[in-house]
Each structure stands twice: as C-alpha cells, then as structure tokens.
Amino acid sequence: MDINIHRFRYAAKKVLHNLMEKFQQMVLHVGFTIEGRSADELPEAMLACACLNYGSPDEVDELQTGLDED
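For the sequence shown, the working numbering begins at 81 and goes up steadily by one.
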C-alpha cells in the first residue's frame, strides 16, 4: 500500500494510529521521496527507506534529530 501523506496527511496519520496495535504482527516498509515537478528533477529516487519487523510501539525510542538545537 502506498500512501501520499502530502495530500492525505490526516488520513495517513489516522490509519497509522489505528494500526499501532497491529505493528507486532506486521513487517512495515517505509520510503521517502521528494516529488519532482520539472524535467531536471526527474527521475525521482528514493531519499530514505526503512524496514520495521514486528515492532512494538511500546519499545521504540524517540528519534533524536538534533533539529531543535540552536
């Protein structure tokens, strides 16, 4: 299943929230791209990806990005 969260961010967040209790039974593949809008930005490529195997939301540490630091 592919979800375009740019257009449907509320729906995507709601679906992920509702699926959290099922994460321990799932293998979740997540990928990120930046949309190309002109010929010089194409072809698009995968920016980042991750595979989460049978994850437990209770055991996940918060990702520290360092973006809040000055």
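No residue lacks a Cβ here, since even glycine has one placed at the ideal position from N, Cα and C.
Non-local C-beta neighbours of Q104 in its own chain, meaning closer than 8 Å and more than five positions away in sequence, comprise Y134, G135, S136, ordered along the chain.
In the structure shown, V140 falls within a coil segment according to DSSP collapsed to helix, strand and coil. For F112, the beta-bridge partners assigned by DSSP are A128. Rounded to the nearest angstrom, the gap between the Cα atoms of A125 and T113 is 6 Å.
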